[in-house]
Amino acid sequence: MYAHPTIKDVARVAGVHFTTVSMALRGHPSIPATTRERIIAAANRIGYQRNRVFSALSSQRRNRQEEQFRPRLAYVANRSPASGLIMRPHHRLLIEGARHRAEELGYELDVLSVEKGYYSAATLQAYLKEHSITGIIIGAFEPERESLTLPWDEFSIVKVDSRHMDPAASIVSIDQMNGVRDAFERLRALGYRRIGLAVGAKDEEMTDGLHHAGLLLAQSAVPTSEQFPPLLFPVGSLAGDAVPLIRDYIVAHRLDALLCNWTNIRDMIGQAGFAVPERVACACLCLARCSPNLAGIVSNLFLVGERAVTLLAAQLRAEQRGIPDVASRTYVRGNWCDGDSAPPKSKSVRKS
Amino acid sequence: MTDVARLAGGVHPSTVSLALRNDPSISEATRKRVHAAAEKIGYHPDPLLDAFNSHRKGVLPHKSVPVIAFVSDAPSRDAFEVSPRLHAYWEGAKAAADGLHCKLELFLLNKGQLTPERLNSVLSARGIVTMVVGGLTPATSRLAFDWKEYSAVKIASHHLWVPSYSVKTDLRDSARTAWKCLHALGYSRIGLVCVPDPELFSAELYRVGFHQAELVQTARIPVLDLAEAVRPATLARWAKQHKVDAVIGSRGSVHALLEEAIPAVIRPAFACLDLSGQPEGMAGVMPDYRRVGQEAIEQVVSLMRSNLRGLIDTPSCTYIPPCWRDGVSAPPKTTLKVAN
């Protein structure tokens with residue numbers, strides 16, 4: 001009956017003036033509760049919905065004294081600045097990327113922490129409401145720290161990583177699958193032939209098996225005799241637990257190169273008793289930046305942050321809220337950087 | 353905006369507004385000048401107003417809407433009716449474009465008439481700067497466009513070496529989902545059969561997904577690759593040798609082959625990795641091609657509205673997961689067990 005029911009249609013059905021409808025739906029105190037309920041019922045019946053953007057815009061106009069209003073997006077993390085949110089390059093780069101893109105699009109980015117002592121779900125919700133924030137980025141929540149539950153239906157949501165937790169929203173992540181494949185191919189091109197992959201079992205679970213997928217893809221192009229199964233560090237392992245595993249893994253497959261997603265891989269191989277790179281070369285799969293003594297893939301975390309905001313803005317524009325039927329996954333490629341942990345493999349090195 | 357207008361050489365503020373939205377009625381030169389002026393003085397569009405206008409445009413009648421080019425190398429428009437995949441890409445893209453008040457227009461590349469070079473000049477003459485490259489076949493391996501002028505998003509077309517944003521179905525997840533669902537239905541000897549598909553560039557991700565799902569199993573079943581010369585006997589021998597009780601086929605054609613190769617009483621169950629265009633009753637996974645088209649438009653409109661053009665240094669790809677559909681070709685196994 002109403003393709004686009006307007007406030008005037010509601011007024012006609014409820015038999016009131018349209019300004020009454022507007023005030024009733026905003027919960028204005030001058031409208032009696034019974035009238036308000038009648039109007040809400042009429043609005044529901046004909047399917048009228050307040051346009052949130054319009055509401056935000058007109059409330060902004062109404063409160064003009066609030067100078068320089070800019071719409072905001074929330075970037076929520078479960079680590080606080082006190083526990084290293086800004087210090088850790090991983091989080092800092094994500095936030096910088098998100099902020100950069102948000103500002104390009106005309107938004108302000110609020111970084112909010114749900115660590116104990118900061119926002120609780122209730123105070124966070126109140127804050128978001130107070131600032132008319134409907135777009136949320138769940139920013140790389142760490143599984144062993146606080147989680148978060150909000151009435152997700154009210155928000156447009158994009159997650160950065162955070163696969164372990166609800167809501168099942170669209171995810172933006174670094175592209176570990178192509179990272180492993182690219183690194184594997186680089187090492188092959190440098191002359192290495194017996195290449196292994198070591199990852200934390202927990203990391204593998206959190207990334208939905210992408211490291212292993214990348215390894216399988218890369219291995220499909222090499223002879224069977226040069227395909228080795230990956231080494232998984234059990235959940236909760238520390239470097240001390242990993243070193244003997246690395247030793248056995250290298251010996252068992254006579255590896256000449258090792259890929260790993262832990263940044264201390266070079267030290268661990270050394271502690272396992274192999275000289276890097278003379279005996280075993282290595283490359284790290286998630287470097288924060290190029291490093292002269294460790295080759296590997298530099299994750300484009302800044303771009304991951306940017307992408308998350310781009311997708312969130314697209315959702316806001318299309319007025320999509322809540323958990324989608326189909327949650328997409330967006331992966332951002334990393335870049336290879338040479339380092340002296342994986343020099344070109346020369347003949348003389350091969351002999352020794 | 354008035355400041356921008358002054359700085360851009362005294363154009364009218366409404367020109368600024370149109371230019372910043374990349375409206376085709378403003379010449380390319382003026383648009384560039386306005387964008388430069390806006391950047392210089394740090395003018396940002398207000399996303400709230402933008403979203404509001406976008407909403408209002410949906411309610412009010414309006415005259416000019418931005419055009420998004422949907423570039424395809426399909427042989428004719430009919431292909432969009434015949435191929436369920438292309439059809440769904442287009443339908444999804446169309447719905448999203450309508451929702452965002454843009455017009456979607458189909459451009460078919462064609463060796464004789466519409467070469468990429470020609471299309472480039474057509475788009476440029478019409479002031480169209482936004483495009484979705486819609487699922488090109490491996491035959492089109494090169495697009496000679498002046499990429500820096502366009503906001504572009506690719507649909508699938510993995511083979512096309514253009515570093516840009518892309519959207520595709522998650523093939524790895526398709527294979528993994530099929531294995532897991534068959535396993536949940538009670539099958540324990542699940543094998544994968546791949547057949548060549550001109551539209552599918554590589555089945556490698558199917559193998560990866562299958563293999564990753566299969567890891568929980570101790571006994572592995574080797575993937576059967578059926579080349580051009582398909583022999584039912586090969587399939588029958590493989591199924592017997594590995595005691596296969598369920599076959600995952602990369603395409604629906606594997607099912608016909610299975611029916612030919614193995615008598616009904618001992619025939620393994622079957623699940624297809626791409627149910628689009630397959631008969632009702634076939635079990636398998638349905639890739640969400642419609643959602644792929646929709647996502648591509650949403651992303652490209654986002655680029656267009658913020659005037660992000662040209663190729664990117666680091667490609668990023670959005671994967672759309674598939675969904676499983678039960679069917680008579682793979683009934684729950686419990687009843688069969690009793691019969692055995």
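First to last, the protein sequences are chains A and B. Those letters in the first sequence? Residues 1 to 352, by the working numbering. Those letters in the second sequence? Residues 353 to 692, by the working numbering. Just so it is clear, CB atoms sit at the ideal spot from N, CA and C, and this is done for glycine as well. These numbers come from a predicted model, not from an experiment.
Under the Cβ criterion of 8 Å, E104(A) is counted among the residues facing chain B.
Within 7 Å of the CB of V332(A), the CB atoms of chain B belong to T666 and S668, in sequence order along the chain. Interface residue (Cβ-Cβ distance to chain A less than 8 Å): Y671(B) is classified as such. Per DSSP, reduced to three states, the secondary structure at S30(A) is coil, with no helix or strand assignment.
Closest in alpha carbon position to V514(B), among A682(B), V485(B) and S366(B), is V485(B).
Taking a contact to require three or more Cβ pairs closer than 8 Å, the segment 147 to 166 of chain A and the segment 276 to 285 of chain A do not qualify as touching.
By the beta-carbon neighbour count (other beta carbons within 10 angstroms, threshold 16), V474(B) is exposed. By the criterion of at least three beta-carbon pairs nearer than 8 Å, the segment 112 to 130 of chain A is not in contact with the segment 290 to 304 of chain A.
In this chain, the beta strand (DSSP E) harbouring Y517(B) covers Y517 to T521. In this structure, the alpha-carbon of G139(A) lies about 21 Å from that of T263(A). For A283(A), there is no enclosing alpha helix (DSSP H); the residue is part of the beta strand (DSSP E) that begins and ends at A281 to L287.
Scanning its chain for C-beta atoms nearer than 6 Å, with the 5 sequence neighbours on each side dropped, one finds around L523(B) the residues L557 and Y558, in chain order.
It is roughly 10 Å from the alpha-carbon of D161(A) to the alpha-carbon of Y331(A). Considering only D267(A), T310(A) and S173(A), the residue with the shortest C-alpha distance to Y671(B) is S173(A). Per DSSP, reduced to three states, the secondary structure at W442(B) is helical. The count of Cβ pairs closer than 8 Å, one atom from the segment 216 to 224 of chain A and one from the segment 239 to 251 of chain A, stays below three, leaving the stretches out of contact. If you ignore the 5 residues before and after G200(A), its C-beta comes within less than 6 Å of the C-beta of F233, all in its own chain and listed in chain order. Beta bridge pairing from DSSP links E457(B) with A421(B). Taking the Cα positions, A588(B) is about 14 Å away from V575(B).
Ranked by Cα distance from F562(B), the options V547(B), D525(B) and Y539(B) are led by D525(B). DSSP places W590(B) in the uninterrupted alpha helix (DSSP H) bounded by P584 to Q593.
When the Cα atoms are used, C290(A) and W336(A) turn out to be separated by approximately 9 Å. With respect to chain A, the C-beta atom of L576(B) has no partner C-beta closer than 8 Å. For R329(A), the C-beta contacts it makes with chain B under 8 Å involve D522, T670, Y671 and P673, in order along the chain.
With contacts defined as CB atoms closer than 8 Å, I137(A) and V235(A) fail to qualify as a contacting pair. Taking 8 Å as the cut-off, the beta carbon of T521(B) is found no closer than this to the beta carbon of S503(B). In this structure, the CA atom of D203(A) is about 15 Å from the CA atom of L287(A). Nearest CB-CB separation between Q564(B) and chain A: below the 8 Å threshold.
Exclusion of the five residues before and after Y539(B) leaves D597, A598, A621 and K685 as the residues of its chain whose Cβ lies within less than 7 Å of its Cβ. Residues of the segment 221 to 255 of chain A that bring their beta carbon within less than 7 Å of a beta carbon in chain B are absent altogether. Separation of E391(B) and S658(B) (C-alpha to C-alpha, rounded to the nearest whole angstrom) is 12 Å. Under DSSP, K159(A) takes part in a beta bridge, and its partners are I138(A) and I171(A). With respect to chain A, the C-beta atom of V560(B) has a partner C-beta closer than 8 Å. With a minimum length of 3 residues, the unbroken runs of beta strand (DSSP E) contained wholly in the segment 447 to 512 of chain B fall at 455 to 460, 482 to 486 and 503 to 507. For the pair R193(A) and E226(A), the CB atoms are nearer than the 8 Å cut-off.
The beta carbon of S658(B) falls within 8 Å of a beta carbon belonging to chain A, placing the residue at that interface.
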